[in-house]
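J.:
2 protein chains.
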Amino acid sequence: MDSRAIGIFDSGCGGLTVLTKLKQILPNENFVYLGDTLNFPYGSKTKEEIIQCSIKNVEFLISQNVKIIIIACGTATSQSLDILKEKYDIPIIGIIEPTVSYIKELDLKEIGVIATEGTIRSGAWEKEIKKLMPNIEVINKACPMLATIAEEGKAKSKEGRCVIKEYMKPFKERRVKNIILGCTHYPIYEEIIKEELGYDVNLINTGETTAIFTKNFLHSENITANHQKQREKIYLSKNTKEFKNIAQNILGENLALFVTL
Amino acid sequence: MDSRAIGIFDSGCGGLTVLTKLKQILPNENFVYLGDTLNFPYGSKTKEEIIQCSIKNVEFLISQNVKIIIIACGTATSQSLDILKEKYDIPIIGIIEPTVSYIKELDLKEIGVIATEGTIRSGAWEKEIKKLMPNIEVINKACPMLATIAEEGKAKSKEGRCVIKEYMKPFKERRVKNIILGCTHYPIYEEIIKEELGYDVNLINTGETTAIFTKNFLHSENITANHQKQREKIYLSKNTKEFKNIAQNILGENLALFVTL
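Top line first, the protein sequences correspond to chains A and L.
Straight run, no breaks: the first sequence in the numbering used here ends on number 261.
Straight run, no breaks: the second sequence in the numbering used here ends on number 522.
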């Protein structure tokens, strides 16, 4: 038993898609979320910059007395997870390993991956996938504008749609049936992607895979909590006009936000 | 005579399109430029937030001992120029008045305006245009993603093109011949806009109109400088990976950047 909260961070609002899955799957846990809106977007930052941001985020969450930290951000996972794990004793979970373990069970011949430029460039998804499934074909597509458009609350605008149309081309041509949403902002586009592809596609939500992985981890380490009423605190490193709207859309609740740093 | 520099600010790199015109038209002046990258984008901020950012920017430029300040940002001009003029003694020039005075000479029946959401919502362009040309028809189009796409260095990407296609629809249908680029980021899209419209269009660059206006102002006030070698200093409120590339594309020079705040 460990009644402390689960800490989560992302570059902005994307990680809320992970938080919402965590809340469903872990109804007796509390959560502290940090959206590093001050430093958004991570996707176009250097590895060194992302590591610096991730360290700050982890230290903030540790100061909030969390028992485990989830990097609810594809870019931060791909660039900083190894270093953070080495530097800190607290358990840290990224979104790549849980997702790749899940895919292994599907026994696929090919898999699509969409993510930010930095994440695709790092090859982190492909490396992790090939480690467990050496014969699978990986079709990568960097989507540099998607997280930014979502963060500005424009995911469902005409601009969002026309950018999705562009990014989906390599998958549509080959009718790729399974695509990893390798950035936690992307579940916001789920419907639009399905409409654009027009065939039956399985969009793999890293929030879901990460939440299941986290649940198993808490049980195996015997550090679950048993709160009757789930609580969450959402911190931002910079107040943005759009965050509250997006957060309410994703979480479906009236939220109190706290600005920090 | 006044040998002090001309101060310029923008939310990011857009104002560099104004700086480049100022440098051409005023070869004996020095410049201090501040890109408020920390608070980018202004287009989705409230009026109050934009005023606060503008005040900080003006105070930084005053601390750099400039003789005049140019708001090289459509959004900041539309939301904060009046208040800044009241608050400070230093002459402050926005991009709207110089552009509208220029258009008056063209004697047009209709004019297109593209700008950020905040600027279009404020009605600042339309109000100023109607003041001088009460019978002209103004066709406004808010382009919420354009400044952001430019700031991320993606103006010439396929994403940039498909967003431009969307935003140009109201002008293409009516074959609008004169369009004000009401955000200083937009000259970066000049070629793409011309290609998308496909007819002979006059895109009014606020950098050019503002530079001419500034030159006339310096002469009328007798505060020109006479430097043999033009110097400029470019400050950012936050270092971004793309800024240097974009700046070099716009200014065509190898630049030293300084991070402040």
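Think of the CB as a built atom: it goes at the ideal place given N, C-alpha and C, for glycine as much as any other residue.
Since this is a predicted model, take the numbers as computed values, not measurements.
1. Which of the residues in the region 396–422 of chain L, read from start to end, lie with their CB under 7 Å from any CB of chain A?
2. Use the C-beta contact count for A:Gln228: other C-beta atoms within 10 angstroms, 16 or more gives buried, fewer gives exposed.
3. Check this for me: beta carbons of A:Gly15 and A:Cys53, under 8 Å apart or not?
4. Please state if the CB of L:Ile356 and the CB of L:Ile312 are separated by a distance shorter than 8 Å.
5. Could you pull the start and end residues of the beta strand (DSSP E) that A:Lys32 belongs to?
6. List, in chain order, every chain A residue whose beta-carbon is nearer than 7 Å to that of L:Ser305.
7. Is it a yes or a no for the region 12–32 of chain A touching the region 214–227 of chain A, going by three-plus beta-carbon pairs under 8 Å?
8. Please determine if the region 243–259 of chain A and the region 415–423 of chain L are in contact, where contact requires at least 3 C-beta pairs separated by less than 8 Å.
9. So A:Val263 packs on A:Arg4, CB below 8 Å; how close in whole Å?
10. How far does the beta strand (DSSP E) with L:Tyr363 in it reach, from first residue to last?
11. If you follow the beta strand (DSSP E) that A:Asn57 is part of, which residue opens it and which one closes it?
12. Using three-state DSSP, classify A:Lys169 as helix, strand or coil.
13. Which residue comes first and which comes last in the alpha helix (DSSP H) that contains L:Ala403?
14. For A:Cys187, count the other beta carbons within 10 Å of its own beta carbon; 16 or more makes it buried, fewer makes it exposed. Which is it?
15. Hey, does L:Glu456 have any beta-carbon neighbour from chain A nearer than 8 Å?
16. How would you label L:Phe270, buried or exposed, when you count the other beta carbons within 10 angstroms and need 16 or more for buried?
17. If I measure Cβ to Cβ from A:Glu190 and keep anything under 7 Å in the same chain, skipping five residues before and after, which residues do I get?
18. Between the alpha carbons of A:Lys104 and L:Ile440, how many angstroms are there, rounded?
19. For L:Glu427, would you say it is in contact with chain A, using Cβ-to-Cβ distances shorter than 8 Å as the test?
20. Return the residue from the list A:Lys141, A:Ile93, A:Val58, A:Thr46 that minimises the CA-CA distance to A:Gln79.
21. So what's L:Leu497 in DSSP terms, helix, strand or just coil?
T.: Answer, in terms of the structure:
1. Pro405, Met406, Thr409, Ile410, Glu413, Lys415, Lys419, Glu420
2. A residue is called buried when at least 16 other Cβ atoms come within 10 angstroms of its Cβ; A:Gln228 does not meet this threshold and is exposed.
3. For A:Gly15 and A:Cys53, no; Cβs fall outside 8 Å.
4. no
5. In the sequence on display, residue 32 of chain A carries Val and not Lys. Unbroken beta strand (DSSP E) run through A:Val32: 31–35.
6. Glu152, Lys241, Glu242
7. yes
8. no
9. What the structure shows of chain A is the stretch from 1 to 261, and residue 263 of chain A is not part of that stretch, so it cannot be assessed.
10. Premise fails: L:Tyr363 lies in the alpha helix (DSSP H), 357–365, not in any beta strand (DSSP E).
11. No beta strand (DSSP E) holds A:Asn57; the alpha helix (DSSP H) holding it covers 47–63.
12. helix
13. Per DSSP, L:Ala403 belongs to no alpha helix (DSSP H); it is in the beta strand (DSSP E), 398–403.
14. Note that residue 187 of chain A is Pro in the sequence shown here, rather than Cys. Label assigned to A:Pro187: buried.
15. Not a single CB atom of chain A sits nearer than 8 Å to the CB of L:Glu456.
16. buried
17. Leu203
18. 54 Å
19. yes
20. A:Thr46
21. Of the three classes helix, strand and coil, the one that applies to L:Leu497 here is strand, per DSSP.
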